[in-house]
Every structure is written in structure tokens, then in C-alpha cells.
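Sequential numbering of the sequence shown, starting at 269, is according to the working numbering.
Ideal Cβ placement from N, Cα and C applies to all residues, glycine included.
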Amino acid sequence: MNQPLAYIHPSAKIAPTAIIEPFSTIYENVEIGEGTWIGPNVTIMEGARIGKNCKIYPGTVISAEPQDLKYEGEKTLTYIGDNTVIRECVTVNKGTNALGYTKIGDNCLIMATAHIAHDCIIGNHVILVNGVGLAGHIEIGDHAFIGGMSAVHQFTKIGEHSFIAGGSHVRKDIPPFVKAARNPPSYVGINSIGLRRRGFTSEKITELQNIYRVLFQKSKNVAQALAVLEADFEATPERDQIIQFIQGSPRGVMKGYNSRGEI
């Protein structure tokens with residue numbers, strides 16, 4: 269159902285069950301899936317691909333041109349997966365030639381005034397709380413949580429099932445399964461509450477705690493800690509995921525805290 273006070277470009281592909289509320293603007297080369305609700309005063313710009321059963325609240329701008337001086341008007345895209353909720357006044361920029369798209373996965377919650385810059389890839393079930401700012405080329409794994417008013421540096425990677433406290437200034441990669449807090453963000457434990465909610469057993473959580481004790485609490489450098497994990501710990505998908513994440517981190521991962529609360 270399209271309200272007469274909304275503007276929809278004739279070439280836009282809008283599913284019959286999608287709802288476009290008054291005063292919203294839908295540009296050309298836009299696709300919107302079944303059951304999606306576009307609230308009033310939303311702007312969906314060229315290149316947006318929005319999935320099924322999404323909700324996009326007033327003031328949001330999707331697929332605007334990147335805030336990148338290297339962008340020269342190339343045709344790029346913005347993907348938003350199914351069942352994702354985007355609250356008021358969020359901005360999501362399309363990609364550049366570097367990647368070609370910006371992507372938000374399924375079942376995400378992007379709270380009010382968050383900003384997602386060009387070429388970011390956000391997994392499924394991710395929560396960005398109010399005022400989070402993502403610079404370009406950031407990768408966020410499934411089930412990650414970023415607290416309100418946090419700022420994330422370009423090219424940073426944030427692992428699956430991680431939890432970042434509000435007000436964080438994230439300049440280093442955040443490995444999977446952990447909690448990060450203080451500034452600069454550092455290891456403060458396993459995201460045990462989130463993991464239990466998603467079906468991780470107590471035994472698996474203990475395994476993760478033991479792995480991160482070696483990485484962050486045993487006074488070893490990264491190479492030494494990885495060597496211990498590979499030699500002394502049973503190979504499991506989680507152990508291997510952590511090792512691969514750290515080995516594939518050109519920016520380096522966040523630090524741990526010692527018993528005196530120092531980095």
C-alpha cells in the first residue's frame with residue numbers, strides 16, 4: 269500500500285505488501301521486499317536493496333552517497349536483509365568501488381541516529397545502540413552488540429558474539445565471544461550472558477574463558493599465546509575461529525588488563 273503523499277520513482281520495484289507511508293521518497297533503482305514498512309519521512313536513495321518484513325522509521329536515509337572524497341559517482345549498492353529494524357534518523361551510505369556495496373544482514377536492530385558508512389559489512393542478529401558511528405570498511409560478525417555512542421575506526425573487525433560497552437572508542441579489532449569495555453576498549457571477560465542466551469553450554473563457555481586467559485592474562489605476546497593455543501588446546505571450531513581471527517587482524521586486537529587495571 270503506497271500513500272498518495274509519498275513519492276516513488278516509476279522504476280522502483282516495490283512488493284505489493286510493502287507499505288510506504290506519507291512524505292517518504294523512493295528513488296530509482298530501489299527494491300523493497302514483501303511486508304516491509306517504510307515509515308513517514310524516510311528517504312531511500314538509488315541502489316538500495318531492502319529485504320522482507322523490515323521496519324524503517326522516520327528520518328532515516330538509506331543508500332546515500334558515501335562521505336568519501338574518493339567517491340566519484342560510481343554505481344554501487346546498499347543491502348538490508350530480512351526482518352531488520354532501523355529506527356529513527358539512521359544513515360546508511362552505499363558502497364564505493366573498493367567493495368561495491370554496504371551490507372546489513374538479517375534480524376538486525378539499528379537504533380536511532382546510528383551511522384553506517386560505506387563498504388561496511390554487518391552480519392545477522394547484530395544490535396547497534398543509539399548513536400553508534402561506524403566508519404568505512406568495518407566488518408561486524410553475527411550476534412555482535414555495540415553499546416550506545418560508540419565510535420568504530422575504519423577497517424576495524426568485530427567478532428561474532430562480542431559485546432562492546434557504550435561510549436567505546438574502538439581502534440583495534442575485537443575478537444569473537446568477548447566483552448570489551450573501558451577506553452581504549454580492552455578485554456573484560458567472556459560474553460557469557462549472551463552466549464548462554466544463544467545456547468552455548470557451560471563447558472563451551474569455560475573453554476572460551478581458558479582460551480582468553482592465555483591470550484590476555486598470562487603475560488604472553490600474541491605469537492606466544494597462539495603457539496600455546498595450538499599446542500595445548502584441543503582443536504574445536506571456536507578455538508580455530510579465535511586463532512584465525514587474530515592471525516587475520518592487520519590492525520591488531522584489543523589489549524587485556526592486568527590485575528592493577530593497567531593495559
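Check: Can you have a look at H386 and say buried or exposed, based on whether 16 or more other CB atoms are within 10 angstroms of its CB?; Outcome: buried
Check: Let me check one thing: in DSSP terms, what residues is I432 bridge-paired to?; Outcome: I414 and A448
Check: Would you mind reading off the limits of the alpha helix (DSSP H) that contains A493?; Outcome: V490 to D500
Check: Could you work out which residue in K343, T304 and V358 is closest to T330 when comparing CA atoms only?; Outcome: One detail in the question is off: residue 330 reads as Ile in this sequence, not Thr. I330 has its Cα closest to that of V358, out of K343, T304 and V358.
Check: Would L483 be called buried (16 or more neighbouring beta carbons within 10 Å of its own) or exposed?; Outcome: buried
Check: On the DSSP letters alone, give me the boundaries of the beta strand (DSSP E) that V329 sits inside.; Outcome: V329 to A332
Check: Please state whether the Cβ-Cβ distance between M379 and G327 is less than 9 angstroms.; Outcome: no
Check: How many Å lie between F468 and K447 at the Cα?; Outcome: 16 angstroms
Check: Where R465 and K472 are concerned, what is the direct C-alpha to C-alpha distance, given to the nearest angstrom?; Outcome: 13 angstroms
Check: Please state whether DSSP places E471 in a helix, a strand or coil.; Outcome: helix
Check: Just verifying my parser: in three-state terms, what is the DSSP assignment at R481?; Outcome: helix
Check: Classify L463 as helix, strand or coil using the three-state DSSP reduction.; Outcome: helix
Check: Going straight from the alpha carbon of I287 to that of A274, what length do you get?; Outcome: 10 angstroms
Check: Span of the alpha helix (DSSP H) holding R507?; Outcome: P505 to Q515
Check: Under 8 angstroms, with one C-beta from each stretch per pair, do the stretch 413 to 428 and the stretch 488 to 501 reach the 3-pair mark?; Outcome: no
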